[in-house]
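Here's the structure, in structure tokens; my notes come after.
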Amino acid sequence: MTENRIYTAFSSRIIESITAADNIIIAGHSNPDGDCIFSQLACSEILSSLGKKTFLLNQGPFDRDEISAFAPLFHSQVPQDVIDTRPLVIVVDCSTIDRPGECIKPLEGLRMIVLDHHSSGRPFTDEDLMYIRAESVSTSLIVDALREELGVPLTKKTASYIYKGFATDTGFFHFISDKVAGETLRRVAALTDCGISPYEIYDEMHDGKKLEYFRFVSMLIQRTESLCSGKLLYTFQKNDEETDGKPGDDIYAQLLQVENVKVVLFFKEKDGCVEIGMRSKNRSGVDIGQYASTLGGGGHRYAAGARIEGSLEDIIEKVTREVSEISGMK
Ligand SMILES: [Mn+2]
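Residue numbering for the sequence shown follows the working numbering, beginning at 152 and increasing consecutively.
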């Protein structure tokens with residue numbers, strides 16, 4: 152057996168807190184993605200099998216196709232009678248206390264465990280209640296490591312959730328650095344040994360999009376601007392331009408293949424704010440997560456986001472100027 156480098160042991164306080172708890176709230180970030188939702192669902196399956204009563208907390212919106220069907224399983228706030236039981240709280244895929252949104256506020260003061268893989272953030276619980284592994288490609292694989300440590304066998308349903316979280320954050324086996332590939336894929340192989348079908352899961356998570364959606368994506372790609380001799384590409388979506396689905400992932404997937412590109416930015420105007428999705432290319436030398444944190448956002452080395460107030464034009468000007476000043480972009 153090859154050594155476990157990423158998923159080293161959980162602290163005894165984490166294990167003891169879970170063992171002792173009867174009621175457990177599992178919270179994730181607002182505007183959730185597949186890794187967040189499927190990590191929450193997997194965590195709930197695992198803890199339920201130990202006889203725990205779980206409560207899934209996520210304020211949504213569940214507007215991504217691959218997660219929308221699961222919305223009815225989640226609550227957007229915690230009723231007082233649940234808080235009164237002094238439940239344990241497990242927060243997944245969040246690097247700061249504000250990521251879950253308003254719904255987490257009434258839970259401050261309860262014991263919180265944090266399971267996360269973001270490289271930047273601000274700690275919001277005791278050190279020995281945090282299990283943060285920036286090298287883990289998804290939070291769902293951290294949940295899988297917790298399952299293993301708790302001695303809970305994999306079921307097909309749990310394996311499917313963990314795989315979906317993994318697939319979301321790696322862009323289906325794309326974003327996996329050499330350093331962690333072996334340990335990561337051995338864990339994924341154990342999931343497929345449970346009888347899940349990678350092919351079916353891919354189709355389940357992608358099929359059913361409207362042709363109109365792809366016409367919209369192509370319009371956004373059409374208006375892409377190229378800066379820094381093609382090293383920086385960006386496009387934008389205005390307030391009055393609506394579409395079903397989230398074009399970001401399809402835009403990054405295409406534009407990151409353009410020759411010489413190092414960074415792709417996607418600006419989305421929304422309610423007086425601008426959401427900025429940022430991706431940098433593997434081996435580009437650009438840590439876009441580090442830059443996102445200077446805007447109050449967060450993420451990973453190659454994938455990050457931020458949300459700032461201001462006009463679309465001003466923010467495009469500021470962010471493209473600052474990104475082009477990052478070393479290696481000129
Ligand atoms: Mn994640």
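All C-beta atoms, glycine included, are put in the ideal place defined by N, C-alpha and C.
Span of the alpha helix (DSSP H) holding residue i?
i      : result
Gln373 : Leu362 to Gln373
Cys194 : Gly185 to Ser200
Arg337 : Asp329 to Thr343
Ile166 : Ser163 to Ala171
By Cβ distance, which residues of its chain are closer than 6 Å to residue i, with the 5 residues on each side in sequence left out?
i      : result
Glu420 : Lys389, Asn390 and Leu463
Thr247 : Gly272 and Arg273
Leu406 : Leu384 and Val415
Phe323 : none
Arg298 : Ile197
Met152 : Confidence at Met152 is low in this model, with a pLDDT of 49, below 50, so the placement of that residue should be treated as unreliable; the coordinate-derived value is given next. Nothing listed; no residue qualifies.
Gly359 : none
Val368 : Pro398 and Asp401
Gly381 : Asn411
Does the beta-carbon of residue i have 16 or more other beta-carbons within 10 angstroms, so that it is buried, or is it exposed?
i      : result
Arg434 : exposed
His325 : exposed
Gly423 : exposed
Lys413 : buried
Asp295 : buried
Pro251 : buried
Leu362 : exposed
Pro398 : buried
Lys315 : buried
Arg284 : buried
Arg472 : exposed
Lys330 : exposed
Assuming the contact rule is C-beta atoms closer than 8 Å, residue i and residue j should be a hit. Round their C-beta distance to whole Å, please.
i      : j      : result
Leu383 : Val474 : 6 Å
Arg215 : Asp186 : So it is not a contact: roughly 11 Å between Cβ atoms.
Ile372 : Val425 : About 19 Å; that fails the 8 Å criterion.
Leu305 : Cys345 : 5 Å
Thr396 : Tyr353 : Residue identity differs from the one stated: residue 396 is Gly in this sequence, not Thr. Actually they are not in contact, since the Cβ atoms of Gly396 and Tyr353 sit about 17 Å apart, beyond 8 Å.
Which residue marks the beginning of the beta strand (DSSP E) containing residue i, and which one marks its end?
i      : result
Arg458 : Ala454 to Glu460
Met124 : Residue 124 falls outside the range modelled here, since the chain spans only 152 to 481, and no answer is possible.
Lys307 : No beta strand (DSSP E) contains Lys307, which is instead part of the alpha helix (DSSP H) from Lys307 to Asp320.
Gln388 : Leu383 to Gln388
Ala430 : Before going further, note that residue 430 is Arg rather than Ala in the sequence given. Segment Cys424 to Ser431, the beta strand (DSSP E) holding Arg430.
Lys419 : Val414 to Lys421
Less than 7 Å between C-beta atoms, sequence neighbours within five positions excluded: which residues of the same chain meet that for residue i?
i      : result
Ala457 : Ile427, Ala443, Leu446, Gly447 and Gly448
Thr205 : Ile175, Ile177, Ser195, Leu198 and Ser199
Gln191 : Ile177, Gly179, Leu207, Asn209 and Val243
Ile477 : Val437 and Tyr442
Ile347 : Lys307, Ala310, Ser311 and Tyr314
Met281 : Val265 and Pro274
Starting from the C-beta of residue i, find all residues in its chain whose C-beta is less than 8 Å away, skip the five residues before and the five after it, and write them out in chain order.
i      : result
Val233 : Asn174, Ile176 and Phe206
Counting only C-beta atoms, is residue i closer than 9 Å to chain E at any point?
i      : result
Asp267 : Absent here is chain E; the protein component of the structure consists of one chain.
contact_flag[the region 301-315, the region 243-261] where n(CB pairs < 8 Å) is 3 or more = no
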